[in-house]
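> In our numbering, the protein residues as written are 5 to 362.
Backbone N, C-alpha and C define an ideal beta-carbon position, used for all residues, glycine too.
Following this message is one structure expressed as structure tokens.
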Ligand SMILES: Nc1ncnc2c1ncn2[C@@H]1O[C@H](COP(=O)(O)OP(=O)(O)OP(=O)(O)O)[C@@H](O)[C@H]1O
């Protein structure tokens, strides 16, 4: 296992100048030995580029990579001792499940007794024990991908196992099971796991630490609760949660927050600077209040949607649409009515130039 340190930038263009020329903007990051990480962000944000730089498939155009303090920037994946699992199964159809799982160990001349033991452990974890003697050729796509996962996890001595969207071909029910399984495997095997996905549920169930990326930047590295409670960047607020955080643009003038023709008293303890700010509040924290209560605003109800486990209210204030989540049995007003929603509270976040202030 290794601690992986990145201090680099990457552009696929020969002479990058503007930020947009970089697939990865300059970043410094450390992945702890034995940690479970997810790289999460929308298509094109740079996840695969970062993963390929860690694995050694790609040399960064600027800076370098260290494993346990040793410079490996130009070392191949074999030299780095990395295992990888890709989106589609990489297995030998003519071999049995057991032979496929054993392959990375045989390649490294691990003694047969150890191979048998380790293959047994991994097959058990992935619920492949009953299929060990079957040829891979006859198996369904998701069983084949489980073998790929097993081949990635089978070697106990790898520096890290890197996964690039490995559950794409898996059906939704099994996907849920495998996500939990991977987390359990991480706890048992203590491997350093780095997992690329654009799916927040996948990232949050699998990883201890999620690296949220947008447009070549890692905007926050944190556990699920930090990403939910204290998004460091408005992108994280939008991207994490379903729906994401509500944002209201306000002007902070002499201790008051102005939203067009509405005013709120700024919370003095947050030490907010004067000028243009954004208030961020999760739908889960937009409580209903009595009319005129401090920290609340009158909003016009647009619609109420029954989501089964909750009610989602959409309401408008000063041209901004807010979403608020309520218990399924809450008595809510109907479209066109006014509802007072608490904007300011202990969970409210404040942003300036998209970055968290307080
Ligand atoms: N080989 C390449 N040559 C030139 N540009 C590339 C190459 N690979 C990726 N890019 C560009 O670099 C940026 C980051 O791409 P990358 O594949 O790392 O993102 P991603 O987050 O993994 O996206 P996806 O989920 O779609 O794979 C994108 O703008 C992409 O078009």
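Measure from the alpha carbon of residue 124 to the alpha carbon of each residue in 238, 151, 336 and 258, then state which is nearest.
Here residue 124 refers to the residue found at position 120 when the chain shown is read from its first residue. Nearest option by C-alpha distance: 151.
> Where does residue 80 land, buried or exposed, given buried means 16+ other C-beta within 10 angstroms?
Along the chain shown, one-based indexing puts residue 80 at 76. Classification for residue 80: exposed.
> Within 10 Å of its beta-carbon, does residue 280 have 16 or more other beta-carbons around it, so buried, or fewer, so exposed?
As a first step, residue 280 must be located in the chain shown, where it is residue number 276. Flag for residue 280 reads exposed.
> Would a C-beta distance cut-off of 9 Å place residue 166 and residue 55 closer than the cut-off?
Position 162 of the chain shown, counted from the start, is the residue given in the question as residue 166. Position 51 of the chain shown, counted from the start, is the residue given in the question as residue 55. In this structure, residue 55 lies closer than 9 Å to residue 166 by Cβ.
> By the three-class DSSP mapping on this structure, what secondary structure does residue 52 have?
Translated into positions along the chain shown, residue 52 becomes position 48. Reduced to three states, the DSSP call for residue 52 is helix.
> For residue 292 versus residue 348, is the C-beta distance shorter than 9 Å?
Numbered from 1 along the chain shown, position 288 holds the residue referred to as residue 292. Numbered from 1 along the chain shown, position 344 holds the residue referred to as residue 348. Against a cut-off of 9 Å, the Cβ pair of residue 348 and residue 292 comes out as no contact.
> At what residue ranges does the stretch 113-191 contain a whole run of the beta strand (DSSP E), taking only runs of 3 or more?
DSSP runs (the beta strand (DSSP E)) wholly in the stretch 113-191: 164-168.
> Residues around ligand 1, please: the ones whose beta-carbon is closer than 5 Å to some heavy atom of it, in chain order.
Every residue passing the under-5 Å Cβ criterion appears here: 16, 27, 47, 48, 49, 50, 51, 52 and 53.
> Nearest by alpha-carbon distance to residue 27: which of 15, 33 and 37 is it?
Translated into positions along the chain shown, residue 27 becomes position 23. Among 15, 33 and 37, the Cα nearest to that of residue 27 belongs to 15.
> Over what stretch of residues does the beta strand (DSSP E) that includes residue 9 continue unbroken?
Working through the chain shown from its first residue, we reach residue 9 at position 5. Element bounds for residue 9: 8-14.
> With DSSP as the reference, label residue 302 as helix, strand or coil.
Translated into the one-based positions of the chain shown, residue 302 becomes position 298. Residue 302 falls in the strand class under three-state DSSP.
> Does the distance from the CB of residue 301 to the CB of residue 268 come in under 9 Å?
Against the chain shown, residue 301 aligns to sequence position 297. Against the chain shown, residue 268 aligns to sequence position 264. In this structure, residue 268 lies closer than 9 Å to residue 301 by Cβ.
> In or out: residue 335 buried (at least 16 other Cβ within 10 Å) or exposed?
Locating residue 335 in the chain shown gives position 331, counting from the first residue. Exposed.
> The alpha helix (DSSP H) spanning residue 274 covers which residue range?
Walking along the chain shown from the start, residue 274 turns up at place 270. From DSSP, residue 274 is part of no alpha helix (DSSP H); its letter is neither H nor E.
> Return the CA-CA distance between residue 47 and residue 202, expressed in angstroms with no decimal places.
As a first step, residue 47 must be located in the chain shown, where it is residue number 43. As a first step, residue 202 must be located in the chain shown, where it is residue number 198. Spanning the two alpha carbons is a distance of roughly 7 Å.
> Using three-state DSSP, classify residue 202 as helix, strand or coil.
Here residue 202 corresponds to residue number 198 of the chain shown, with the count starting at 1. DSSP places residue 202 in coil when its eight states are reduced to three.
> Opposite residue 98 in the DSSP bridges: which residues?
Mapped onto the chain shown, residue 98 falls at position 94. None; residue 98 has no bridge partner.
> Below 8 Å on the Cβ atoms is my guess for residue 329 versus residue 287; work out the distance and round it to an integer in Å.
Numbered from its first residue, the chain shown carries residue 329 at position 325. Numbered from its first residue, the chain shown carries residue 287 at position 283. Residue 329 to residue 287, Cβ: 4 Å. Contact.
> Should residue 188 be labelled buried (16 or more other beta-carbon atoms within 10 Å of its own) or exposed?
Working through the chain shown from its first residue, we reach residue 188 at position 184. It is exposed - the Cβ of residue 188 has fewer than 16 other Cβ atoms within 10 Å.
> For chain E, find out if any of its Cβ atoms is closer than 9 Å to the Cβ of residue 229; answer yes or no.
Absent from the structure is chain E; it holds one protein chain and no more.
> Can you tell me which residues form a DSSP beta bridge with residue 316?
Here the question's residue 316 lines up with position 312 in the chain shown. Answer is 309 and 329.
> Report yes if the CB atom of residue 149 is closer than 9 Å to the CB atom of residue 108, and no otherwise.
The residue you call residue 149 lines up with position 145 of the chain shown. The residue you call residue 108 lines up with position 104 of the chain shown. Contact: no.
> Considering only the alpha carbon of each residue, which of 337, 10, 318 and 134 lies closest to residue 100?
Working through the chain shown from its first residue, we reach residue 100 at position 96. That would be 134, whose Cα lies nearest to the Cα of residue 100.
> Per DSSP, what kind of secondary structure is residue 361 in: helix, strand or coil?
Against the chain shown, residue 361 aligns to sequence position 357. The answer is coil: DSSP assigns residue 361 none of H, G, I, E or B.
> Using only the alpha-carbon positions, how far apart do residue 225 and residue 10 sit?
Residue mapping note: residue 225 aligns to position 221 of the chain shown, counting from 1. Residue mapping note: residue 10 aligns to position 6 of the chain shown, counting from 1. The alpha-carbon atoms of residue 225 and residue 10 are separated by roughly 14 Å.
> Do the CB positions of residue 361 and residue 321 come within less than 9 Å of each other?
Counting from one through the chain shown, the residue named residue 361 turns up at place 357. Counting from one through the chain shown, the residue named residue 321 turns up at place 317. It is not a contact, given that the beta carbons lie outside the stated cut-off.
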